[in-house]
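Asker:
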Amino acid sequence: MLHQSDFICNSQGRIFLQLGLKIIIEPQQVICGGLANLRYREYSPSAWEEHHGFPSREVYGQNIVRQKYRLLRFSALVINRVLSKERLPMGANSGVIDMAANLDVLSQSKLWAFGSVGRVLFIVGLLLSSTLIVSADDMSDAKDAFGRHEYVRAFNLLSHLAEDGDAEAQIQLGAMYYHGFGTIADKSAAFRWYVRAAETGSRFAQAAVGRAYQTGNGVAPDLAQAVKWYRVAAENGELSVQRELGQMYYDGNSVVPQDKSKAFYWYKRAADQGEPGAQALLGWMYHQGETVPKDLRMAMELLTLAAEKQVVFAQVNLAYMYRDGEVGAPDKKLAADWFNRAAQAGDAIAQAALGSMYREGDGVPIDSARALNLFRLSAEQGNAFSLTTLGVMYRDGEGVPMNIPVAIDFLRKASSQGDVRAQINLGNIYAHGEGVKPDVVEAAKWYCKAVLKGSFVAKNALAQLSKAEAFKEAKATPDCAPSAN
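Note that this note's numbering has the sequence shown beginning at 195, numbered continuously upward.
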């Protein structure tokens with residue numbers, strides 16, 4: 195195994211010193227011939243004297259040899275860490291203090307004449323190590339300050355680090371500008387710091403730049419630039435962007451033409467690394483047989499992985515698969531469990547589906563009160579199915595006192611979304627005078643809306659209505675032209 199000091203002999207070390215310090219290390223003479231072979235426990239006084247031209251033990255003492263050895267070795271370690279972009283361990287601090295404490299001893303000794311290379315290595319090592327240690331301390335202090343809600347202090351520490359090129363600090367500073375922690379919120383400044391971090395290769399920052407271009411946060415919206423940065427981040431392994439890029443290819447847009455094969459590729463790359471959203475979307479592609487043969491078992495496996503990681507889309511679709519028995523026999527209990535998890539997360543579709551199960555006693559005990567509550571939660575989010583169902587329940591007094599005006603209000607809201615069930619039920623209310631004065635013209639209007647959406651039930655109801663005497667007297671036209679309101 196190479197000794198730490200052996201690093202100085204490699205080409206990277208020579209290049210660093212040639213370009214950075216304007217010093218050329220002569221291989222096998224200054225360092226490779228001396229430091230790399232120096233082991234103070236094994237180095238005899240005669241060998242030292244033969245190599246350097248003066249005795250060590252008799253004049254300067256073995257301790258000086260140890261100090262010089264430690265100095266150069268520590269400096270080599272520092273430069274090695276710098277070139278490999280590693281941070282020094284915090285414990286390196288003690289080494290700097292020990293070295294500095296003995297600087298006066300070394301400067302007075304002829305060992306200091308070991309050569310200018312040795313002196314420069316020590317000075318450079320001391321300075322660089324101090325910088326690295328301060329940087330590590332500043333980042334730690336910044337994180338601690340943020341955790342204590344000392345946002346101004348965190349902002350100042352991160353600003354210093356970010357200006358020095360620390361990518362992590364640049365990202366954190368961008369986030370503080372974005373949210374207004376420790377400074378006035380400035381999304382343009384946030385964007386600029388994300389760009390600086392992105393240019394260093396930070397895939398997280400590259401993703402942030404892409405999102406900024408997509409949403410117009412801090413910069414003018416530019417979908418082409420968003421896609422460009424998404425691709426860079428995705429190629430660098432940013433999982434969320436791999437999924438997002440897959441979604442772009444799945445849907446298609448003005449920059450990315452729809453290409454479900456590429457969508458599948460990006461979903462799979464992210465899903466294989468455990469990204470739950472990608473697992474859900476990949477499972478849906480297997481469920482639908484998009485670009486790949488339909489495979490319900492694979493779909494269920496992927497949807498289960500995502501559902502267990504709280505992806506609501508996966509929970510809802512997994513529940514439907516269990517309810518309908520798409521893989522094996524129907525399992526209403528499992529379906530209800532998954533619908534319930536999604537419903538608790540606030541999903542309107544899951545709330546509607548679970549409400550229907552409790553309303554009808556489908557795999558669960560009938561519970562009208564619970565069903566009504568679930569439908570209300572779903573309807574508050576504008577779910578047309580729940581709005582229609584509530585309209586029917588209030589019309590019929592199912593679990594609630596009958597209330598026709600409330601029923602009509604729910605049904606009209608659902609009908610405005612094109613819900614055929616709501617349109618037919620409104621037609622029935624006005625045709626039969628259910629809690630309102632009969633109005634064949636109003637009934638025909640609602641039936642016509644459903645007919646235009648292909649409803650045979652509405653078509654038959656309208657045919658029956660057109661035979662009524664009141665309809666003839668009103669001279670209503672049951673032809674349901676597309677222009678009918």
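Cβ coordinates follow ideal geometry from the N, Cα and C atoms, glycine included.
A quick note: this is a predicted structure, and the numbers were derived from the prediction, not measured.
Count the other CB atoms, across all protein chains shown, that sit within 10 Å of the CB of I560; report buried if there are 16 or more and exposed otherwise.
Answerer: exposed
Asker: Provide the residue span of the alpha helix (DSSP H) that contains R463, from first to last.
Answerer: 454–466
Asker: From what residue to what residue does the alpha helix (DSSP H) around Q504 run?
Answerer: Where Q504 is concerned, there is no enclosing alpha helix (DSSP H), given that its DSSP letter is neither H nor E.
Asker: Given that a residue counts as buried once 16 or more other Cβ atoms are within 10 Å of its Cβ, and exposed if not, what is L320?
Answerer: Residue placement at L320 cannot be trusted, given a pLDDT of 45 that sits under 50; what the coordinates show is reported in the next sentence. So L320 counts as buried.
Asker: Quick one: give me the first and last residue of the alpha helix (DSSP H) that D531 is part of.
Answerer: 526–538
Asker: Can you grab the Cα-Cα spacing for the pair Q467 / L499, in whole Å?
Answerer: 12 Å
Asker: Taking a contact to mean a Cβ-Cβ separation below 8 Å, would you say K526 touches R517 in this structure?
Answerer: yes
Asker: Buried or exposed: E663, going by 16 or more other Cβ atoms within 10 Å of its Cβ?
Answerer: exposed
Asker: With a CB to CB cut of under 8 Å and the five nearest residues on each side skipped, what residues in its chain are close to E469?
Answerer: L433, S434, Q436, R437
Asker: Using only CA atoms, which one of G555, D590, A547, T409 lies nearest to L571?
Answerer: A547
Asker: Can you give the Cα-Cα distance for F569 and L584, rounded to whole angstroms?
Answerer: 7 Å
Asker: Taking its Cβ as the centre, do 16 or more other Cβ atoms sit within 10 Å of S580, making it buried, or is it exposed?
Answerer: If you draw a 10 Å sphere on the C-beta of S580, you find 16 or more other C-beta atoms in it, and that means buried.
Asker: Three-state secondary structure (DSSP) at D331?
Answerer: In the structure shown, D331 adopts helical secondary structure according to DSSP, grouped into three states.
Asker: Using only alpha-carbon positions, find the residue among T485, G471, M515 that is nearest to R491.
Answerer: R491 has its Cα closest to that of M515, out of T485, G471, M515.
Asker: Considering only residues of the same chain and omitting the five flanking positions on each side of N175, which have a CB-CB separation below 8 Å?
Answerer: Any property of residue 175 remains undetermined from this structure, which presents the chain solely from 195 to 679.
Asker: Terminal residues of the continuous alpha helix (DSSP H) containing M551?
Answerer: 542–554 is the span of the alpha helix (DSSP H), which, as asked, contains M551.
Asker: Per DSSP, what kind of secondary structure is R437 in: helix, strand or coil?
Answerer: helix
Asker: Can you say whether D360 is buried or exposed, counting buried as having 16 or more other CB atoms within 10 angstroms of its CB?
Answerer: buried
Asker: Just reading off the alpha helix (DSSP H) that R470 is part of, what are its end residues?
Answerer: The sequence as given places Pro at residue 470; Arg does not occur at that position. Where P470 is concerned, the enclosing alpha helix (DSSP H) stretches over 470–482.
Asker: With DSSP as the reference, label F375 as helix, strand or coil.
Answerer: In the three-state scheme derived from DSSP, where H, G and I count as helix and E and B as strand, F375 is classed as coil.
Asker: Just the C-alpha distance for R386 and A336, rounded to the nearest angstrom, thanks.
Answerer: 20 Å
Asker: State the Cα-Cα distance for the pair V346 and A493, rounded to the nearest angstrom.
Answerer: 49 Å
Asker: With A652 and Q617 assumed to form a contact (beta carbons below 8 Å), what rounded beta-carbon distance in angstroms separates them?
Answerer: 7 Å
Asker: Quick one: Cα of D331 to Cα of A474, how far?
Answerer: 41 Å
Asker: Pick from F507, A383, D445, G446: whose alpha carbon is nearest that of V413?
Answerer: For V413, the closest of F507, A383, D445, G446 by C-alpha to C-alpha distance is A383.
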